[in-house]
Every structure is written in C-alpha cells, then in structure tokens.
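**Student:**
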Amino acid sequence: MMVKSKVTTVGSSAGIILPKEIMARLHVEKGDTVTFIETPTGIEITAYNPEFDEEMTHARKVMGDYRNALKKLAE
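For the sequence shown, this note's numbering gives the first residue as 33, with consecutive numbering after it.
1. DSSP on Glu76, reduced to helix/strand/coil?
2. State yes or no: is the beta carbon of Gly47 nearer than 8 Å to at least one beta carbon in chain C?
3. Which first and last residues belong to the alpha helix (DSSP H) in which Thr110 is found?
4. Alpha carbon to alpha carbon, how far is Val94 from Val42? Give it in angstroms, no decimals.
5. Taking the alpha-carbon positions, what's the Val60 to Asp85 distance?
6. Over the uninterrupted alpha helix (DSSP H) stretch that includes Ile54, give me the two end residues.
Next comes the structure, spelled out in structure tokens:
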C-alpha cells in the first residue's frame, strides 16, 4: 500500500495530514500520539504505546549500566 500526503503548515510548525485509511490501520484517532522510529529502510510511524516506551527506557538504562560487558559480548 502506498499513500501520499503533503507536509502543511500548522501554526509555526509543519504537519502531515493522515488519510482516514492510514489512521484506521494505525488504530489512531484525532488527538492521539504517534511515534516516529528510524529504521534501515526509512522512518516508521506507529501508534504511541506508553508500555513499550517505559520498557525501552528501562532497556536503555540496563544497556548503559552494562555497556562494557555488552561491548565485550559483541566482539
């Protein structure tokens, strides 16, 4: 599926209008938050998941705490 959308002005910022079919596939409604994730193939837009965000916060802390050990394991 390929759908195009233009970048538009929203106050002093920019915004993208999400077509109805994209909003339905993302399971988002007006006022919801979405997340932009950089991937090797581009930017992925997903519905914001606070549980996942919290898990990632904990994972980043663990990775920071055990940075040297993880680096050694990666060798």
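We put the beta carbon where it would ideally sit given N, CA and C, even for glycine.
**Tutor:** Taking the definition as stated:
1. If you number the sequence shown from 1, residue 76 lands on position 44. DSSP places Glu76 in strand when its eight states are reduced to three.
2. Here chain C cannot be found, since the structure has a single protein chain.
3. With the chain covering 33 to 107 only, the question about residue 110 has no answer from this structure.
4. Along the sequence shown, read from residue 1 onward, the residue named residue 42 stands at position 10. Along the sequence shown, read from residue 1 onward, the residue named residue 94 stands at position 62. Between Val42 and Val94, the C-alpha separation is close to 38 Å.
5. One-based indexing of the sequence shown puts residue 60 at position 28. One-based indexing of the sequence shown puts residue 85 at position 53. Cα to Cα, the separation comes out at about 17 Å.
6. Indexing the sequence shown from 1 puts residue 54 at position 22. Run containing Ile54: 52–58, per the alpha helix (DSSP H) assignment.
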